[in-house]
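Just below is one structure, and these are the notes that go with it.
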Amino acid sequence: MLSKVAERVYWSARYLERIESTARLIHIYDTLLFDLPNSVEISWYNLIVINSLEEEFAERYSVKDERNVVKFMLVDSSSSSITSSLKSLRENVRTTRDVVLEETWEMTNELSMYVEENIKQGIGRKQRHEFLDHIIKSCQQILGLLFGNMTQGAPWLFLCLGRNLERADMATRILDAGASAYYQLKNDDGAVNTRQIILGHVLRSLNADQAYRRIMRSTVNADAVIEFLLENESFPRSIKFCHNTIQAQAKKLPQSKRLVSEMQHLENVLSAINVVELNAALRDHLNRLQICHINIHKTIDETWFSTWD
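Residue numbers are given in my numbering: position 294 of the sequence shown equals residue 294, and the series is strictly consecutive.
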């Protein structure tokens with residue numbers, strides 16, 4: 001398999017997961033702010049901070065309000081916006097049609113056309129949820145098509161690497177968004193129900209609420225939510241599950257010793273997190289995990305994309 005093809009397949013999965021997770025993040029944040037009491041002040045700008053996009057945002061906007069943040073995350077030329085990710089996804093799928101399923105190209109085009117024609121719905125409030133739901137469902141359809149029908153050769157393995165690395169990274173950012181909102185209530189003694197609202201939305205943003213209640217058999221509380229999203233080995237969107245999947249699939253590829261070793265180190269970083277509250281300490285650990293994810297990507301790139309012929 002050509003290194004350039006492997007790289008494009010890998011990035012196709014990453015962009016698909018990024019588009020879905022970004023839509024989820026905007027969707028759940030919108031719902032969260034609607035559900036919180038008027039006395040609770042949480043800024044939309046938190047979404048820019050947790051994605052480390054402060055400099056790019058500042059270059060384009062001076063006002064840190066809802067419309068500018070949503071517009072930045074939906075239609076900006078930055079690599080993290082949905083439209084930019086869709087453009088990159090479409091190009092990667094177009095150039096790998098001989099190794100991915102043919103229907104992928106058709107479904108990607110349909111999603112791109114929908115976003116282009118209905119982007120104003122996402123920027124405005126009235127039909128934002130409908131717009132974001134369509135994006136989420138379309139991404140799930142494409143991923144379901146790929147992972148449910150492709151033979152499990154090299155292209156499929158690189159899809160797995162891309163999907164799970166991006167999913168793990170976005171899970172840390174969604175948890176960070178919850179921690180940011182939760183931490184702002186630290187001096188509010190009457191905010192117990194408000195904190196549960198935040199934790200519930202964190203779980204729902206990852207489709208984890210049902211799995212959490214079934215597996216943890218616990219009310220929604222900070223320490224159990226943190227443990228579930230970081231350490232659970234059976235929920236597909238938990239960070240540990242994603243790490244385990246990357247390590248397992250990497251072993252099936254040649255020259256994977258370095259990546260496997262780094263994944264084992266990453267597990268040590270994950271297991272060292274001993275935090276039971278969504279506070280500044282947890283946010284520091286999540287930031288450390290995000291740096292590790294960047295290093296994992298560099299290893300994947302140097303191992304297979306920069307050296308293969």
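A virtual CB, placed ideally from N, CA and C, is assigned to each residue, including glycine.
All figures in this text were calculated on a predicted structure; none of them were measured in a lab.
Check whether residue i and residue j have beta carbons under 8 Å apart
i, j, result
"T104", "L146", "yes"
"G162", "W11", "yes"
"A168", "H243", "yes"
"R288", "V260", "no"
"I28", "S306", "no"
"I142", "L16", "yes"
"H297", "T31", "no"
"A179", "N279", "yes"
"L229", "I239", "yes"
"V275", "H285", "yes"
"T108", "R8", "no"
"T194", "L47", "no"
"R237", "A281", "no"
Cα-Cα separation, residue i to residue j
i, j, result
"L89", "N207", "23 Å"
"A23", "L2", "32 Å"
"R14", "S81", "13 Å"
"Q196", "R217", "16 Å"
"S78", "Y61", "13 Å"
"Q152", "L101", "13 Å"
"L157", "I246", "9 Å"
"S138", "L165", "20 Å"
"R67", "Y114", "21 Å"
"N221", "I42", "20 Å"
"V49", "E20", "19 Å"
"I136", "A272", "33 Å"
"V40", "R128", "22 Å"
"L253", "A154", "7 Å"
"I26", "K87", "19 Å"
"N92", "V99", "11 Å"
"G124", "R258", "47 Å"
"F72", "E302", "31 Å"
"V70", "I119", "11 Å"
"L159", "E130", "28 Å"
"Q290", "L53", "14 Å"
"I300", "M150", "22 Å"
"V192", "T83", "Low confidence applies to V192: its pLDDT is 49, below 50, so where it sits in the model is not reliable, and the reading given next is rough at best. Roughly 38 Å between the two C-alpha positions."
"R283", "E277", "10 Å"
"Q140", "K251", "26 Å"
"T219", "Y183", "20 Å"
"I198", "A211", "17 Å"
"E55", "L203", "29 Å"
"W44", "V63", "11 Å"
"L74", "E116", "11 Å"
"Q255", "E267", "20 Å"
"K126", "S112", "21 Å"
"H134", "D209", "21 Å"
"E292", "F241", "Rather than Glu, the amino acid found at residue 292 in this sequence is Cys. Cα to Cα, the separation comes out at about 16 Å."
Residue burial classification, residue i (beta-carbon count within 10 angstroms, cutoff 16)
i, result
"Q345", "The displayed coordinates of the chain run from 1 to 309. Any statement about residue 345 would go beyond what the structure contains."
"R97", "exposed"
"G122", "buried"
"D76", "buried"
"V5", "buried"
"S85", "buried"
"N314", "Outside the modelled stretch of the chain, which goes from 1 to 309, sits residue 314, for which no answer is possible."
"E262", "buried"
"F34", "exposed"
"I294", "exposed"
"I226", "buried"
"S234", "exposed"
"N51", "buried"
"A58", "exposed"
Residue interval of the alpha helix (DSSP H) (run including residue i)
i, result
"M216", "D209 to M216"
"A6", "S3 to D35"
"G162", "A154 to Y183"
"A280", "A280 to I300"
"M263", "K257 to S271"
"N193", "V192 to S205"
"E231", "A222 to E231"
"N244", "I239 to A250"
Neighbour flag for residue i against chain C, beta carbons, 8 Å
i, result
"E20", "This model lacks chain C altogether, as it is built from one protein chain only."
### Task
With a floor of 3 residues, list each beta strand (DSSP E) that falls wholly inside the stretch 40-81, ordered by position along the chain.
none
### Message
Going residue by residue through the stretch 101-143, where are the continuous alpha helix (DSSP H) segments of at least 4 residues, counting only ones entirely within it?
### Response
102-123
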